Each structure stands twice: as C-alpha cells, then as structure tokens.
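Comments concern the structure below.
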Amino acid sequence: MESIIELFSKVSDVIWSAIIASCITIFGVYLTNKYHERRQTTLLAHEKQKYQSEQKFTLKKEVFLDVARSFADVLEIIPNLTNLEFTQKDIEMKMADHGGIVAKSCLVAKESSVAAILSYSTETTEVFIKLMKEREVVLGHQKTIEIYQSTINSAENEKDRIISRIKN
C-alpha cells in the first residue's frame, strides 16, 4: 500500500491537474450529450406529432373539398333538369361518386358535421326526386308532342303528295 502512495506522490502536480481537468471535461461532455439526447428525443416527438397533425389536416381538407365539390356537382344538376336535352346519362355521370364521397366524410368529420352533411344530402335528394318526377312528366309530354309532330309532318307530306298528283 505504501508503494502505491509513494508512486502517486512521485507524479507531479501538473500531471494530476491535467488528469483531473480531463476527467471533468469528459464528465461535462457526458452531461452535454445526455442533455442533447433528451432534447433531440423531445424534438423528434414534437416533429412526429406535428407531422401527424398536418397529415390529418390535409386528409380532412381533401375530404371536405371533395364533399363540397360533389354537392356543387349535384346542385348543378337541378337547373339543368329544365333542359330536356340533358340526358339521364349526364345526370348519372354527375352523381356517380356523390354517395361514396359523402360516406368518406364519416371517416374524418366530427359527429355533428357528419349529421349536417347527411341531413343536407337527404334534403337535396328529396328535392331532386321531386324534380325528377316532374321532369319525367315533361319528358312524356315531349315524346307525345314529337309523336304528334311526326303525325302532322306525315299528314302534310301526304297532303302535298295528293295535291301534286291532282295538279298533274
């Protein structure tokens, strides 16, 4: 034991101060790294939460914009119902994705928003069905008028034919 103490006493004070300073520096670096590791972990958790929040916001924005576009397309049909040239195929094409888009809103919207969307969709459907019934009556009348017009045109052609035969 005395030999160890004698060995330590032979080491100069400058070397001891360098050893102690190095130990303090290593301990300081260790504490700094620990602090930065905790800070980095907190920062990464915050970035993850921010990214998830942005993804959720982007999804909601996309879904609600699709719902708004779909309702705009459906509501655009209503004034076109008076145009008898607007076919059933055109109507079906405009309404093709409406149900799916409205259903997709259930995934991201709050319960109150879903209820409002479904209520609006129901009201729109009721008005649309009423107008479609009235449109069918008008289309039936149009077909009847076309038949009468065809009969009148045939009669006119026959009259013209008979008159031309009489003249000859």
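Every letter in the sequence shown is one number past the one before it in our numbering, and letter 20, counting from 1, is 1130. The beta-carbon is built from N, C-alpha and C at its ideal position, and this holds for glycine as well. Note that the structure is a prediction, hence the values are computed from the model and not measured.
Separation of residue j from residue i, as counted between CA atoms
i: G1210; j: L1154; result: 37 Å
i: K1199; j: D1183; result: 14 Å
i: L1117; j: M1111; result: 10 Å
i: E1244; j: I1272; result: 42 Å
i: L1249; j: Y1230; result: 28 Å
i: Q1252; j: T1261; result: 14 Å
i: H1156; j: G1138; result: 27 Å
i: W1126; j: E1164; result: 56 Å
i: L1191; j: E1246; result: 10 Å
i: K1158; j: A1225; result: 32 Å
i: K1240; j: E1233; result: 11 Å
i: R1149; j: V1121; result: 41 Å
i: T1235; j: T1168; result: 29 Å
i: A1128; j: T1152; result: 36 Å
Same chain, Cβ closer than 8 Å to residue i, neighbours up to 5 away in sequence not counted
i: A1219; result: K1170, V1173, F1174 and I1227
i: V1066; result: The structure shown does not extend to residue 1066, since the chain is modelled only from 1111 through 1278, so no value can be given for it.
i: D1207; result: S1180
i: K1204; result: D1183, V1184, E1186 and I1187
Reduced DSSP secondary structure (H/G/I, E/B, other) of residue i
i: V1184; result: helix
i: F1174; result: helix
i: F1196; result: coil
i: V1085; result: The structure shown does not extend to residue 1085, since the chain is modelled only from 1111 to 1278, so the question has no answer here.
i: M1205; result: helix
i: K1144; result: helix
i: S1122; result: coil
i: L1191; result: coil
i: A1265; result: helix
i: K1277; result: helix
i: A1219; result: coil
Spatial neighbours of residue i in its chain, beta-carbon cut-off 7 Å, leaving aside the 5 residues before and after
i: V1177; result: I1211, V1212, S1215 and I1227
Exposure label - residue i; buried when at least 16 CB within 10 Å
i: H1146; result: exposed
i: S1222; result: exposed
i: I1188; result: exposed
i: S1180; result: buried
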